[in-house]
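Numbering (mature numbering (1 follows the signal peptide of the UniProt record, and there is no 0)), first residue to last: -27 to -1, 1 to 235.
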């Protein structure tokens, strides 16, 4: 009789364990990935279990994986569809006046290379997170529901929380700044809501094509003239610079950095 009750109890325990096992697995903290700074340096012989969204949905874990903190006054963000443009903008070049003398830190430089890889390979622990068909990525309503988009939104929020002094956002049209997307949903609120001593106190907005730049917001006065609380402009009065006069932008930002933060 005792043996029967013992076996019965053991069976109940085993069944409960098997029921809870998937939950416990999902909740287990992720194994830290490789910290190679470029794709070619990743050791592709290492097999890693794929992360789940439940595992990596943790601001502190994402923060702990940063290669370094962004330099003060250098954070640059971008609105919808400008991811590639932002990556190109921060590369050195004669036409990158604003970048060279001002903002030069995007989300794409501050984590190990593997954090951005969508390769469906055993060495990539992000393969399930990034496994989103191209058709879904192009469909905004569907894409926002995916772990991939939520993951990049989380990274963006963490980056914004680490920025200090000043920041900038790149957008194609200063007269029609998007009010949706990761910039509006996560980055801008995080920048403005920060209470740390060296929190971002000024946010600039600029157009990389026409080299237009304007102060959008500061911590003392709030939204600058012409901008609404959604970040959209209320009127078209942004100063324009021609390509010949683009050094004016460079001079403006260089002088601002030198006088305020030297």
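Glycine included, every Cβ here is placed at the ideal spot set by N, Cα and C.
Continuous alpha helix (DSSP H) stretch holding residue 107: start and end: As a first step, residue 107 is located in the chain shown; it is residue number 134 there, counting from the start. Per DSSP, residue 107 is one residue of the alpha helix (DSSP H) stretching across 107 to 110.
Under a Cβ-count criterion, where at least 16 other Cβ atoms within 10 Å of its own Cβ denotes burial, should residue 41 be classed as buried or exposed? For the purposes of this step, residue 41 is taken as the residue at position 68 of the chain shown. The residue is exposed, with fewer than 16 neighbouring Cβ atoms inside 10 Å.
Starting from residue 141 and walking both ways along the beta strand (DSSP E), at which residues does that stretch end? Locating residue 141 in the chain shown gives position 168, counting from the first residue. Going by DSSP, residue 141 is part of the beta strand (DSSP E) stretching over 139 to 143.
Is DSSP giving residue 40 helix, strand or coil here? If you number the chain shown from 1, residue 40 lands on position 67. Reduced to three states, the DSSP call for residue 40 is coil.
Determine the extent of the alpha helix (DSSP H) in which residue 132 is found, giving its start and end residues. Your numbering for residue 132 matches position 159 in the chain shown. Residues 120 to 135.
Residue 21 versus residue 143: straight-line alpha-carbon distance, rounded: Here the question's residue 21 lines up with position 48 in the chain shown. Here the question's residue 143 lines up with position 170 in the chain shown. Here the alpha carbons of residue 143 and residue 21 stand approximately 36 Å from one another.
With distances taken Cα to Cα, identify the nearest neighbour of residue 155 among 175, 186 and 118. Reading the chain shown from its first residue, position 182 is the one you call residue 155. It is 118.
Between the region 46 to 53 and the region 3 to 21, do at least 3 Cβ pairs fall closer than 8 Å? The region 46 to 53 makes no contact with the region 3 to 21, as fewer than three CB pairs between them are under 8 Å.
Rounded to the nearest angstrom, what separates residue 138 and residue 188 at their Cα positions? If you number the chain shown from 1, residue 138 lands on position 165. If you number the chain shown from 1, residue 188 lands on position 215. Their Cα atoms are separated by approximately 13 Å.
Taking the Cβ atom as the reference point for each residue, do residue 100 and residue 2 lie within a distance shorter than 7 Å? Indexing the chain shown from 1 puts residue 100 at position 127. Indexing the chain shown from 1 puts residue 2 at position 29. No.
From what residue to what residue does the beta strand (DSSP E) around residue 188 run? For the purposes of this step, residue 188 is taken as the residue at position 215 of the chain shown. DSSP places residue 188 in the uninterrupted beta strand (DSSP E) bounded by 185 to 191.
Expected contact under 8 Å - CB spacing of residue 32 and residue 131 to nearest Å: Taking the chain shown and counting its residues from 1, the one referred to as residue 32 is at position 59. Taking the chain shown and counting its residues from 1, the one referred to as residue 131 is at position 158. The pair is a contact, with the Cβ atoms about 6 Å apart (cut-off 8 Å).
Residue span of the beta strand (DSSP E) that contains residue 175, given as start and end: If you number the chain shown from 1, residue 175 lands on position 202. 175 to 180 is the extent of the beta strand (DSSP E) around residue 175.
Looking at C-beta atoms only, is the number of pairs between the region 92 to 106 and the region 145 to 155 that lie closer than 8 Å three or more? Touching, no.
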